[in-house]
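Okay, so here's the structure we're looking at.
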Amino acid sequence: MHAIRSATAGTLEEVGRLSAFTGRFFQSALSRPFEGRELLRQCYAIGYRSLFLVLATGFIMGLVLTLQLRPTMIDFGAVAYMPDMVGIAFVREIGPMVTALICAGKIGSGIGAELGSMRVTEQIDAMEVSGTNPFRFLVVTRVWACILMLPLLVVVADAMGLLGSYFIESTRGQVSLALYFNRAFGAMAIGDLVPATVKTFFFGLVIGVVGCYKGYYSAKGTAGVGRAANSAVVISSLLLFLVDFIAVLAADILFEI
Amino acid sequence: MKTPRQHTDTTPLIEITSLTKSFGTNAVLRGFSLRLLPGENLVILGRSGSGKSVLIKCLIRLIEPDGGDIRIMGQAVTQLDRASLDRLRTEVGFLFQGSALYDSMTVRENLRFPLRRHPERAQGVAEDSLIQTALESVGLAHAIDLLPAELSGGMKRRVALARTLILKPRIILYDEPTTGLDPITANEIIQLMLKLQQELGTASLIITHDMDCARVIANRVIILHDGINYAEGTYSDLARSRDPHVRAFFKDTNSPYHD
Chain A
1 MHAIRSATAG TLEEVGRLSA FTGRFFQSAL SRPFEGRELL RQCYAIGYRS LFLVLATGFI
61 MGLVLTLQLR PTMIDFGAVA YMPDMVGIAF VREIGPMVTA LICAGKIGSG IGAELGSMRV
121 TEQIDAMEVS GTNPFRFLVV TRVWACILML PLLVVVADAM GLLGSYFIES TRGQVSLALY
181 FNRAFGAMAI GDLVPATVKT FFFGLVIGVV GCYKGYYSAK GTAGVGRAAN SAVVISSLLL
241 FLVDFIAVLA ADILFEI
Chain B
1 MKTPRQHTDT TPLIEITSLT KSFGTNAVLR GFSLRLLPGE NLVILGRSGS GKSVLIKCLI
61 RLIEPDGGDI RIMGQAVTQL DRASLDRLRT EVGFLFQGSA LYDSMTVREN LRFPLRRHPE
121 RAQGVAEDSL IQTALESVGL AHAIDLLPAE LSGGMKRRVA LARTLILKPR IILYDEPTTG
181 LDPITANEII QLMLKLQQEL GTASLIITHD MDCARVIANR VIILHDGINY AEGTYSDLAR
241 SRDPHVRAFF KDTNSPYHD
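What follows is the structure, given as structure tokens:
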């Protein structure tokens with residue numbers, strides 16, 4: 001009983017600290033000075049350097065999804081609806097969620113380890129004593145970069161997923177790329193696109209904030225850095241599912257999807 | 001061999017009165033006081049874990065003190081807002097024990113970083129020229145495009161010192177400047193610190209348990225024991241002390257740097 005109480009208190013404390021950290025981010029993110037140069041560098045590091053992974057994963061997910069769906073669609077005589085089905089599935093859920101989970105693994109752990117290592121080797125303190133606000137320079141830029149880059153990566157993953165799906169379809173029958181994409185986008189409504197796009201900004205926020213929080217307050221020593229990177233992935237993955245659930249629920253109410 | 005330069009100005013650059021800091025039930029500082037005079041090299045000696053590093057981190061609010069008064073160049077540090085504190089910090093250089101170079105940046109970028117934040121400190125001099133001069137003053141002009149990972153421990157310490165100097169601080173805080181270095185490199189760092197004091201007239205607060213460093217560099221020594229300034233004087237005064245806690249520091253000093 002004591003262990004449960006202590007674990008609950010610990011979790012609540014962590015939630016409180018993470019919430020305060022997020023509040024501090026918004027407070028700093030919307031006020032001057034802006035670290036534009038560092039933001040661009042982080043956008044490149046977070047966006048461009050994750051691009052290949054997202055391209056490959058999106059394409060493979062498109063291949064796999066189509067291969068898995070095809071027999072059932074044939075059974076129902078609905079194989080002509082394959083582009084509609086894959087398109088909606090990718091745009092609404094698979095693209096955002098798979099991309100976010102990949103980014104939580106790659107970007108979240110990277111940020112956690114980098115900032116953790118900077119904390120342990122006193123680089124963050126060095127920044128502080130040189131009269132620079134390390135929170136603004138390190139945290140705000142990284143979180144903004146995640147918020148801005150994740151939606152773009154999701155668009156790329158969606159496009160690659162459809163391309164992968166088209167690749168399988170084109171080997172099984174005669175269908176043109178233009179027709180395939182026309183069918184896929186023709187089946188989508190505003191209620192599919194808007195909530196799916198909006199939630200990716202929140203996914204970026206979650207990955208950036210959790211990665212930065214774990215790294216910025218990393219415990220001393222190399223073990224502390226390892227724990228920061230690991231828990232950044234675990235916590236952000238859990239939160240991504242929670243945010244996704246809330247986003248789907250909100251979309252269901254607002255757009256009656 | 002260089003010797004520390006003596007100064008006559010008695011208006012303190014740093015004045016600490018009754019500083020206290022605890023971590024949980026562990027009272028690390030229990031009323032520590034000091035005055036650092038212009039151009040002076042003041043060494044704080046203490047055993048590992050005695051709170052030396054906590055003391056200098058409290059000075060520039062990397063750690064928030066629990067109580068007491070800290071004044072740097074007349075300003076009450078604990079009452080400054082963020083902008084004023086950042087301005088004051090440009091007057092106070094800090095050399096970290098592990099050098100704390102930004103490992104994703106080259107030596108040039110490490111030195112450029114504080115300059116870009118505080119361009120007013122360049123006083124109209126070109127950025128590249130300041131970087132070159134700072135690196136030349138520590139004898140590492142050739143390392144300008146190297147990454148910290150490509151430098152030895154002694155070189156890192158020198159680059160960190162150059163980065164500290166680039167904003168032309170009036171005070172430099174050294175946290176264990178010779179720890180982890182071989183005796184020859186440690187002596188080079190000590191001589192460099194003396195050279196900087198003599199050429200630039202900076203005041204230095206040096207945290208160490210390296211007795212050779214203390215003996216060569218100190219105008220004055222304070223022994224931090226039990227959270228207070230336990231003993232204070234010149235190196236030779238303290239070396240003659242009969243107090244067992246003071247004697248414990250001096251009993252095995254046999255230095256290759258003795259005059």
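Protein chains in written order, with UniProt numbering: chain A, 1 to 257; chain B, 1 to 259.
Positions of the beta carbon are idealized from the N, C-alpha and C atoms, including for glycine.
In this text, all values refer to a predicted model and were calculated from it rather than measured experimentally.
According to a CB-to-CB cut-off of less than 8 Å, which residues of the segment 130 to 143 of chain A neighbour chain B?
Among the residues of the segment 130 to 143 of chain A, those with a Cβ less than 8 Å away from any Cβ of chain B are S130, G131, T132, N133, in the order of the chain.
Look at L55 of chain B and L224 of chain B and say whether their C-beta atoms are less than 8 Å apart.
Between L55 of chain B and L224 of chain B, the gap from beta carbon to beta carbon is short of 8 Å.
Span separating the alpha-carbon of G112 of chain A from that of E14 of chain A:
Distance between the alpha carbons of G112 of chain A and E14 of chain A is about 16 Å.
State yes or no: is the C-beta of I72 of chain B within less than 8 Å of the C-beta of L88 of chain B?
Using a Cβ distance threshold of 8 Å, I72 of chain B and L88 of chain B count as a contacting pair.
Which value, in whole angstroms, describes the spacing of the CA atoms of N133 of chain A and M127 of chain A?
Looking at the two C-alpha atoms, the distance is approximately 7 Å.
Which bits of chain B does Q123 of chain A rub up against, with CB to CB less than 8 Å?
Within chain B, the residues near Q123 of chain A are A100, L101, Y102, D103.
Which residue marks the beginning of the beta strand (DSSP E) containing S33 of chain B, and which one marks its end?
Counting along the chain, the beta strand (DSSP E) containing S33 of chain B begins and ends at 26 to 36.
Where F90 of chain A sits in the DSSP three-state scheme
Helix.
Might you give, ordered along the chain, the residues of its own chain that have their beta carbon closer than 7 Å to the beta carbon of A196 of chain A, omitting 5 neighbours on each side?
For A196 of chain A, where only same-chain residues beyond five positions count, the Cβ hits under 7 Å are V91, R92, P96.
Span separating the alpha-carbon of R116 of chain B from that of G39 of chain B
CA-to-CA, the gap between R116 of chain B and G39 of chain B works out to about 27 Å.
Between the Cα of G154 of chain B and the Cα atoms of B:G51, B:D81, B:L173, B:Q191, which residue gives the shortest distance?
Here the closest residue by C-alpha is B:Q191.
What residue does the beta strand (DSSP E) around K21 of chain B start on, and which one ends it?
For K21 of chain B, the enclosing beta strand (DSSP E) starts and ends at 14 to 23.
In DSSP terms, what A231 of chain B is bridged to:
Bridge partners of A231 of chain B: B:I223.
To the nearest angstrom, report how far apart L59 of chain B and I16 of chain B are at their CA atoms.
Put simply, the backbone Cα of L59 of chain B is about 8 Å away from that of I16 of chain B.
Quick check on the burial criterion: 16 or more other C-beta atoms within 10 angstroms. Buried or exposed for F23 of chain B?
Per the 10 Å Cβ criterion, exposed.
What in chain B is Cβ-close to E35 of chain A, meaning under 9 Å?
Near E35 of chain A there are no residues of chain B at all, since even the closest Cβ is about 10 Å away, more than 9 Å.
Cβ of E128 of chain A less than 8 Å from any chain B Cβ?
Contact with chain B is found for E128 of chain A, since one of that chain's Cβ atoms lies less than 8 Å from the residue's Cβ.
Within the continuous beta strand (DSSP E) that includes Y174 of chain B, where are the two ends?
In the DSSP assignment, Y174 of chain B falls within the unbroken beta strand (DSSP E) covering 171 to 175.
Along the segment 28 to 61 of chain B, what residues have a CB closer than 7 Å to any CB found in chain A?
If the cut-off is 7 Å between Cβ atoms, the segment 28 to 61 of chain B has I60 near chain A.
Can you give me the start and stop residues for the alpha helix (DSSP H) that N110 of chain B sits inside?
Counting along the chain, the alpha helix (DSSP H) containing N110 of chain B begins and ends at 107 to 117.
Boundaries (first-last residue) of the alpha helix (DSSP H) holding G93 of chain B
Note, G93 of chain B: premise wrong, no alpha helix (DSSP H); beta strand (DSSP E) at 92 to 95.
Measuring CB to CB, does A147 of chain A end up less than 8 Å from L205 of chain A?
Going by the sequence as given, residue 147 of chain A is Ile instead of Ala. Between I147 of chain A and L205 of chain A, the gap from beta carbon to beta carbon is short of 8 Å.
Same chain, Cβ closer than 7 Å to V246 of chain B, five either side skipped, listed in chain order
Once the five neighbours on either side are set aside, the close Cβ partners of V246 of chain B are I223, A231, L238.
For N254 of chain B, three-class secondary structure by DSSP
Note that N254 of chain B scores a pLDDT of 47, beneath 50, so its modelled location is shaky and nothing firm can be said.
Taking just the CA atoms, how far does L193 of chain A sit from R172 of chain A?
R172 of chain A and L193 of chain A have their alpha carbons spaced roughly 29 Å apart.
Can you list, in chain order, the residues of the segment 78 to 91 of chain B whose Cβ is nearer than 9 Å to any Cβ on chain A?
Hits within the stretch, in order: R82, L85, D86, R87, L88, R89, T90.
Contact list for H118 of chain B against chain A, beta-carbon separation under 7 Å
Here the neighbours are G131.
Counting only beta-carbon separations shorter than 8 Å, does P114 of chain B have a partner in chain A?
P114 of chain B has a beta carbon lying within less than 8 Å of a beta carbon in chain A.
Give a yes or no on whether the minimum CB-CB distance between F23 of chain B and chain A is below 8 Å.
No, because no Cβ of chain A sits closer than 8 Å to the Cβ of F23 of chain B.
Amino acids of chain A, ordered along the chain, whose beta-carbon sits closer than 8 Å to that of F96 of chain B
By Cβ distance, chain A contributes E122, D125, A126.
Starting from T208 of chain B, trace the beta strand (DSSP E) both ways and give me its first and last residue.
203 to 208 is the span of the beta strand (DSSP E), which, as asked, contains T208 of chain B.
For the segment 147 to 167 of chain A and the segment 211 to 218 of chain A, state whether three or more C-beta atom pairs, one from each stretch, are separated by less than 8 Å.
Fewer than three beta-carbon pairs drawn from the segment 147 to 167 of chain A and the segment 211 to 218 of chain A are found closer than 8 Å, and the two stretches are therefore not classed as touching.
Cβ pair A143 of chain B, V92 of chain B closer than 8 Å
No, Cβ-Cβ distance for A143 of chain B and V92 of chain B is not below 8 Å.
Am I right that T141 of chain A and Q42 of chain A are in contact with their C-beta atoms under 8 Å? What's the rounded C-beta distance?
Going by Cβ atoms, the distance from T141 of chain A to Q42 of chain A rounds to 5 Å, so yes, they are a contact pair.
Where do the ends of the alpha helix (DSSP H) carrying R158 of chain B lie?
Per DSSP, R158 of chain B belongs to the alpha helix (DSSP H) from 153 to 165.
Determine whether the beta carbon atoms of residue 260 of chain B and A122 of chain B lie at a separation below 8 Å.
Nothing can be reported for residue 260 of chain B: it is not among the residues displayed for chain B, which extend from 1 to 259.
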